[in-house]
Amino acid sequence: DGEWRNSVVAYFSALCYLLKKSGTSSHMHLFVWEVLIPLLKSVSMRDCSLFGEVTSLFLDVIIQTNNWEVLGATIVPYLFKPIASLFGIEDLIYQWNENFTDKVCVDELFDDYQSKLNGRYIWQDSLRFGQHDFSLSVSCNLLTLILNAALLSKIGVVDSVLNFEDACGTKGFVGNLLWDLSNLAIEMLSQGIEYRAAAIRYLLPSICKAFASHCNFDVVTADKKQLLTRMGFHMKIWNCCKILFSLGSSERKDAYDVLSLCLSFSFAADEVVNGSSDLDFDLKADLDFWNEIRRGLLDKESLVRKQSVHILRKTLNLSKQQILNEVSGDGCFGPRMMDKKGRWADEEARSLGVGKIFKQSDLNLGGQYRWESFLFLYEMLEEYGSHLVEAAWNHQMMLLLHSAFTSEDLVLSLDKNHNQHHMGTAIQIFEWLIVLWERGFCHGNPQVRSLIMNSFLTINWEDFEGCEKLVSKDFILGPLIFGLNDPVHHSGFGLKENYTSSTIEAAATFFCKYASFMEESERIPFLVSLSSIAKVHSFGRAGLMCFVKCISSVACGFQKHENLGLEQFRRLISDESIAAHLTTSSANDKADLLDVFRFILECSRQHFNPRYRYQVCERIFLAASLLMDATDVTLETLLHFVSILLHEYTGYGGLLGTAVKAWLRGSNFKLLNPIKEFTLNFIHHQPPNGYNFTYDDEELNAWQSEARRWARVLFLVVNSREHMDPILKIIQGYCSKIFRQKNHIELVPVKFLILVSSLIEELEFIQENTSDWKLRESESHEMVDGMKSSGNLFVFDWFKELIFLLMEELMSFSELSSSIFWMEMPQRVILPDSVRGKLGGPSQRRLPSSLHTSALEAMTSIKILASVWRWCVHFTVNVQTNSAQTFLWKLCWKIIKTAPPTLEVEAEMRIAAYEACAHALQRLVSAFSPLSLDLVVDGNSSLLVQTGVDAPCDTFITAFMHNIDEVIDGGGLARSRQAILMNWK
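Take any residue in the sequence shown, count from 1 to its spot, add 35: that is its number in this note's numbering.
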């Protein structure tokens, strides 16, 4: 309470008065051990102000009596020993001569007052010697108070000529104490957050204050002397800060705190002491310092940004009160702002003292003026509203840009320290301009963000020839692209299906110009890096459209074209001479580029509007077409890229059909050879010696996807009969080899069937498109040449003839393969376990690998036979089609009438049979005919006689569902497999 506090101060003041009068060291030693330390223990956690007052009273006694050796023998080693032991720095601490003086020659009156103070106001636990109860922060605080008092008395300053005899006395106290505190501070900065906080709060301010008043201190030991310099301490501090900068966010904050604190008390560059061999430490000469300042200026936390500005000002020795001088003239940088808003902005600029430079001779400004302009703009972004930013931004930004455009020799003559200040060359100026732009792009005020983006994109780079290439790629691939994704820049985007904005057009123009200055070896890698942003950053609708337009504009810039519209782009792509202008780059780079383009197109599919998706698709494809020939990458890479283009865009009548075909057919149809080789490699298979080849559903689906991609590209490339002949001959040649052999070693029948099926699927898609296609007048000639005359009609005729020849062989193979459905299954067979570590997806078939492969082969053969039959009946009905239809209906009836299974393996095989039946029925009903009805009646005639119902289809459905239910109920299937069969049902 207040009475206790006043009593403590009164008694302590009285004892201090007696100490001053006595002036003996024995009294002071005893007072420290029996009064001061116990009292400080009592009040340190209870009353901080009392702690400081008591300490100040005692230090005042030390100053007046000049008994600093008492502190060096008592409280200083008492505080340092446990701290040194904690951090393991005993070897770095000065060896103080600790003295536990006994009560001898002590005045009785003094001893009486001391006993009363101890008995009434000091906790008895605090009187136990050897027990250190001070926390780290209290110890640091007490040590810094002692240092400040010693500095105040001006004791221990080293003269120009060292006096070794006197250094062992009072004058060495400050140097020795500062030596210990400096080593302790450096060690604590490398520790955890609480230790760093204590060092920053207590130790560093006093240490920096000491070095600010004197640059050197004498450190004396028993047998040698050392010099503690401000320069050496700052070097150690900077090395600690560099380590902290490389760690986490909290460490970075502390590093900025340390730098800000040190620069607040001293200069950035220290003087060299006469006779010292140390080099001058200049913080500005370290490039890491400038990089960290730029990072700090762009930090997300406001406090870190303010600290970085403070550090920058201190480093450059610029005061915040300095303002920019206004220079009058007759001209203006850009078009005058004639509206009311512009006039108000101009008045705001004048009131702020914003310089307007109009004459070319006035643009040759020194580095200090540039720094003032930079800090003026940066602090305006931090502290002022949008109207003030608008008033000053364009004036000062044009000033800095013109300054960067000034002759380098002239800059050197005006600013001899341009390298030191890092604002002398055009490259250095742009490094700091990028900081302003990046800070503006992520500003909290959307109006400011829009203003800064518009200011950047509307820069007339023609006035600063070559300066656009000084904009770093890191800025382009990071802040600029992320900033363009901001919806605030794209007002009106998507209205009336107008998927563009003034910002998108301006950004496309800038990217086109930027790319035109690139070296040829940099082009494809840059575009790969640009496009890969889509893999790590999510774009909105406007942002994605802007992103793909920038990509296509970069491709235009590589070809030295202006930013083209879509129509000019199409004409450029359709030019047969385009291959001669393609950039040379490695196949791996181009493959990576196509892979990233494919990812971007996949991202665009989440947007619901088809016109929007088409524009994204068109821009990406046309960029790819400008940058490479179709044969520059492997066929596999090309197939994957073309497959991601929507079928409706590339098919007959598709908006991209002409451009895609022109690209794929370029270079004299060189793509036909890889397509032919794919056919052979796909069918042909060489398993390892002694290896029984098997496959599962996942591999089967992968083959089907691969074959579909191949068939799609095939029909986009071929445009004459001679192009298709090699493919059809390969198919015809393999028919007899595959269908007439049951045991295959190098040939996989199911892969051949998949290849044929993919061709049929693509032809069906072409038929569907052409039947409903209403051609525009400009494309009608292509349709006549392409589909009705000699263009692609041969494909249908020749393939139809080939399929009719294959149908009989295919029926025989299907009948042979489907026999697995009725084969007697072994009683004891090991079934595979369920799939582990995989969430979702289809359930695994519970069949051994050999039976699994046989079942898939039977299912695939029946499915493809049904597909072939459906495609053929669209052209004609003959003996082959009737035979195939009869075979399929009989097969379906046979599956339905099969007795219910009793084993799980039989039930699994029945599931495969019903899957084949479902595929066949889907295609049979699409071309239902009187023959189909007769086949249904023939198949269930016995059932019709038994039931007496003249409804063959009803009977068929009833039998179908009854048999499936029996499989589900009595087949011993797992629940997941029952669900599969119910889905087919």
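We put the beta carbon where it would ideally sit given N, CA and C, even for glycine.
{"Asked": "Is there contact here, the region 468-483 with the region 402-415, by at least three beta-carbon pairs under 8 Å?", "Found": "yes"}
{"Asked": "Excluding sequence positions up to five away, which residues of its chain have a Cβ less than 7 Å from the Cβ of Asp289?", "Found": "Arg231, Ile235, Leu279"}
{"Asked": "Pull the bridge partners of Asp215 from the DSSP assignment, please.", "Found": "Looking at the DSSP assignment, Asp215 forms no beta bridge with any residue, so it has no partner."}
{"Asked": "Among Asp732, Asp1004, Phe910, which residue has its Cα nearest to the Cα of Thr895?", "Found": "Asp732"}
{"Asked": "Pairing CB atoms from the region 759-772 with CB atoms from the region 706-713, are three or more of them under 8 Å?", "Found": "yes"}
{"Asked": "Kindly indicate which residue of Arg265, Thr493, Leu332, Glu229 has the alpha-carbon position closest to the one of Tyr291.", "Found": "Leu332"}
{"Asked": "Measure the C-alpha to C-alpha separation of Val27 and Ser120 and round it to an integer number of angstroms.", "Found": "The shown model of the chain, from 36 to 1020, leaves out residue 27, and the question about it has no answer."}
{"Asked": "Quick one: grab the DSSP three-state call for Gly578.", "Found": "helix"}
{"Asked": "What would DSSP say about Met488, mapped onto helix, strand or coil?", "Found": "helix"}
{"Asked": "Classify Cys140: buried if its beta carbon has 16 or more other beta carbons within 10 angstroms, exposed otherwise.", "Found": "Confidence is the limiting factor: at Cys140 the pLDDT is only 41, short of 50, which leaves the residue's position unreliable, though a coordinate-based value still follows. Cys140 comes out exposed."}
{"Asked": "Cα separation between Ala953 and Arg945?", "Found": "12 Å"}
{"Asked": "Per DSSP, what kind of secondary structure is Gln920 in: helix, strand or coil?", "Found": "helix"}
{"Asked": "May I ask you to verify whether the region 167-182 touches the region 71-90, counting CB pairs closer than 8 Å and requiring at least 3?", "Found": "yes"}
{"Asked": "So, at 8 Å on beta carbons, what are the nonlocal neighbours of Cys652 in its own chain, with the 5 sequence-adjacent residues on each side left out?", "Found": "Leu636, Ser639, Leu680, Leu681, Tyr684, Leu691"}
{"Asked": "Work out the CA separation of Gly123 and Phe268 for me, nearest whole Å.", "Found": "20 Å"}
{"Asked": "Look at the alpha carbon of Leu715 and the alpha carbon of Asn703, and state the distance between them as a whole number of angstroms.", "Found": "22 Å"}
{"Asked": "Is the beta carbon of Val752 sitting closer than 8 Å to the one on Arg700?", "Found": "yes"}
{"Asked": "Sorted by chain position, which residues of the same chain lie with C-beta nearer than 8 Å to Ser793's C-beta, five sequence neighbours on each side aside?", "Found": "Gln739, Ala742, Arg743, Trp745, Ala746"}
{"Asked": "For my contact list, Ile181 and Leu106 are in at a C-beta cut-off of 8 Å; report their separation, rounded to the angstrom.", "Found": "6 Å"}
{"Asked": "Give me the Cα-Cα distance between Leu562 and Ile586, rounded to the nearest whole angstrom.", "Found": "7 Å"}
{"Asked": "What is the rounded straight-line gap between the Cα of Ala658 and the Cα of Ala541?", "Found": "18 Å"}
{"Asked": "With Leu628 and Leu662 assumed to form a contact (beta carbons below 8 Å), what rounded beta-carbon distance in angstroms separates them?", "Found": "7 Å"}
{"Asked": "How is the alpha helix (DSSP H) around Glu69 delimited, first residue to last?", "Found": "Segment: none, Glu69 is in no alpha helix (DSSP H) and carries neither H nor E."}
{"Asked": "Exposed or buried, what is Arg646 when buried is set at 16 or more other beta-carbons lying within 10 Å of its beta-carbon?", "Found": "exposed"}
{"Asked": "So, Ser438 versus Arg405, is the Cβ gap smaller than 8 Å?", "Found": "yes"}
{"Asked": "Taking the alpha carbon of His478 as the reference point, which residue from Met415, Leu923, Lys259, Ala461 has its own alpha carbon closest?", "Found": "Met415"}
{"Asked": "Please identify the residue among Trp857, Ile568, Arg756, Ala955 whose C-alpha is closest to the C-alpha of Pro936.", "Found": "Trp857"}
{"Asked": "Just how far apart, CA to CA, sit Gln802 and Phe582?", "Found": "36 Å"}
{"Asked": "Find out if the Cβ-Cβ distance for the pair Pro1024, Ala569 is shorter than 8 Å.", "Found": "Past the boundaries of the shown model lies residue 1024; the chain is included only from 36 to 1020, so the question cannot be answered."}
{"Asked": "Less than 8 Å between the CB atoms is what I'm expecting for Val89 and Phe47, so what's the real figure, rounded?", "Found": "6 Å"}
{"Asked": "Could you tell me the alpha carbon to alpha carbon distance between Leu187 and Ser248, rounded to whole angstroms?", "Found": "10 Å"}
{"Asked": "So, under 8 Å CB-CB, Leu296 and Cys243 are touching, yes? Tell me the CB distance rounded to an integer number of Å.", "Found": "6 Å"}
{"Asked": "Does Asn480 come out as helix, strand or coil in the three-state DSSP assignment?", "Found": "coil"}
{"Asked": "According to DSSP, simplified to helix, strand and coil, what is Lys705?", "Found": "coil"}
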